[in-house]
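Working notes, beginning with the structure itself.
In the numbering used here, the protein residues as written are 145 to 650.
Okay, here's the thing in structure tokens:
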């Protein structure tokens with residue numbers, strides 16, 4: 145058929161919570177802030193360290209800004225009488241909690257690359273007593289070179305400045321003697337959750353003092369000695385700047401006193417939006433019933449919308465908008481996504497072919513080669529020429545065996561009447577360029593037209609539909625219909641028709 149893309153996109157359902165500070169309000173109000181690196185929060189970095197317990201090593205590397213970090217023991221590259229041991233470090237700084245907030249619960253959520261191992265693995269979360277410098281990937285900035293001065297690796301928290309008490313951060317001067325929490329990874333498991341009262345107490349104390357959270361993630365000692373017990377944890381640099389995907393998440397539940405709370409149930413069709421007069425709202429959060437993407441924004445009167453990450457502090461906004469969209473892009477604009485991966489093993493980064501494949505709302509398949517921007521960074525761009533939900537996926541061979549990223553999405557939307565008229569003009573040009581005897585191409589354009597018509601009509605209100613703006617928009621729609629070779633409908637009356645005689649007699 146002529147229609148492709150997604151036939152089923154679930155509605156967005158949940159509860160929008162708007163709250164404002166109010167000394168007269170009674171009771172305790174609970175919030176949850178979910179910190180995801182690169183999405184309104186830039187305070188997290190992670191590393192993995194590799195070596196042997198006596199301080200010997202095969203590779204003296206500073207490794208940071210990778211798509212994964214490792215913990216456990218590998219079962220290849222046998223040297224010096226044993227296999228390499230790995231441990232992962234996480235540093236969470238600048239937690240965005242308001243003054244006076246009380247931390248009530250904490251959960252560290254990690255995603256894991258699946259493996260064929262057939263036994264449970266026990267991972268432990270330790271609080272580190274010694275801070276470190278995550279570094280920049282060693283002297284070559286590529287994760288394949290020795291640490292530069294001050295960078296962390298297996299034997300030093302800061303090379304040349306502060307060695308670990310024992311290699312791998314193993315001593316009681318490096319980390320607490322008991323872990324904060326444990327998590328069990330079953331065979332085939334892809335998710336880890338660390339939570340405990342000890343973790344909550346630690347985060348509350350560090351946040352109160354404005355100090356970073358310092359974590360080590362390791363297998364229990366027994367499993368660290370088992371060859372092949374290695375666990376690959378998706379890391380801070382996994383994915384691109386548009387897709388949260390499998391990045392680490394730190395969920396912090398916190399409470400405050402003296403807040404007035406408004407809870408609004410939300411049920412939205414894909415692409416639709418609701419706008420609330422937030423007044424003096426200080427915090428906004430959306431509690432989903434499912435997992436559909438959404439976007440919460442705030443703005444001052446007449447200003448531009450500013451995306452607000454879920455559970456965050458608002459600034460001076462007077463309105464709040466929730467949209468059932470993912471990465472909203474204006475029609476006719478350009479969707480751009482960027483990712484960085486320093487773990488390049490198959491040749492110089494500037495010689496690599498990184499591909500991105502797109503699927504449009506009507507099922508068109510596009511493939512584009514990413515642009516290399518230097519510093520192990522690639523960027524992709526595509527014209528937003530169809531309204532609706534797009535899907536895309538990166539593919540590359542930066543490492544042996546190749547890699548396909550998690551699928552991402554974005555929505556092409558129409559926001560204003562002027563944008564709608566321009567979108568219709570551009571689409572009319574596309575229609576005119578197709579021969580009348582190419583029925584398949586015209587049929588696909590008709591599907592695109594129906595989606596575009598719905599989007600542009602959504603920019604009108606009851607009043608503006610009959611205004612000059614409404615007339616201009618309808619004229620633009622009629623121009624598209626004429627380009628398809630169809631008769632142009634009579635003008636829509638701008639006032640109700642006269643009543644029938646029997647109605648006038650009532």
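We treat Cβ as the ideally placed atom computed from N, Cα and C, and that holds for glycine.
Take the Cβ of residue i as the centre, count every other Cβ of all protein chains shown within 10 Å, and call the residue buried at 16 or more, exposed below.
i           : result
residue 220 : exposed
residue 549 : buried
residue 580 : exposed
residue 270 : buried
residue 373 : buried
residue 530 : buried
residue 524 : buried
residue 520 : buried
residue 514 : buried
residue 158 : buried
residue 228 : buried
residue 255 : buried
residue 552 : buried
residue 503 : buried
residue 147 : Low per-residue confidence applies at residue 147: pLDDT is 45, beneath 50, and the placement is therefore not dependable, though the value from the model is reported in the following sentence. So residue 147 counts as exposed.
residue 381 : buried
residue 216 : buried
In the structure shown, what three-state DSSP assignment does residue i receive?
i           : result
residue 347 : helix
residue 606 : helix
residue 164 : strand
residue 261 : coil
residue 306 : strand
residue 249 : strand
residue 586 : helix
residue 85  : This structure leaves residue 85 out entirely; the chain is present only between 145 and 650.
residue 214 : strand
residue 417 : strand
residue 342 : helix
residue 153 : coil
residue 622 : helix
residue 575 : helix
residue 352 : helix
residue 393 : strand
residue 563 : helix
residue 493 : helix
residue 428 : strand
residue 568 : helix
residue 600 : helix
residue 365 : helix
residue 228 : coil
Any idea which residues DSSP pairs residue i with across the strands?
i           : result
residue 174 : 399
residue 595 : Beta-bridge pairing links residue 595 to no other residue.
residue 188 : 236
residue 540 : 547
residue 503 : 509 and 535
residue 335 : 255
residue 555 : 533
residue 370 : Beta-bridge pairing links residue 370 to no other residue.
residue 207 : 192
residue 480 : 525
Given this structure, state the Cα-to-Cα distance separating residue i from residue j, to the nearest angstrom.
i           : j           : result
residue 647 : residue 607 : In this prediction, residue 647 has a pLDDT of 48, which is less than 50 and means its spatial position is unreliable; nothing more can be read from the coordinates.
residue 486 : residue 339 : 31 Å
residue 465 : residue 388 : 21 Å
residue 325 : residue 241 : 22 Å
residue 614 : residue 432 : 35 Å
residue 343 : residue 480 : 38 Å
residue 224 : residue 359 : 29 Å
residue 353 : residue 346 : 11 Å
residue 470 : residue 451 : 12 Å
residue 622 : residue 247 : 58 Å
residue 564 : residue 434 : 31 Å
residue 399 : residue 559 : 36 Å
residue 475 : residue 569 : 12 Å
residue 211 : residue 233 : 14 Å
residue 528 : residue 499 : 18 Å
residue 250 : residue 239 : 12 Å
residue 394 : residue 628 : 52 Å
residue 379 : residue 538 : 17 Å
residue 315 : residue 365 : 13 Å
residue 268 : residue 478 : 44 Å
residue 483 : residue 383 : 6 Å
residue 362 : residue 542 : 27 Å
residue 437 : residue 369 : 42 Å
Examine the ligand NAD and report whether any of its heavy atoms sits within less than 7 Å of the Cβ of residue i.
i           : result
residue 586 : The ligand NAD is absent from the structure shown, which contains no ligands of any kind.
### Query
Taking one C-beta from the stretch 171-183 and one from the stretch 391-405 each time, how about it: are there three or more such pairs within less than 8 Å?
yes
### Task
Tell me, please, whether the stretch 282-290 touches the stretch 203-211 by the rule of three or more beta-carbon pairs shorter than 8 Å.
yes
### Query
Is it a yes or a no for the stretch 187-204 touching the stretch 292-300, going by three-plus beta-carbon pairs under 8 Å?
yes
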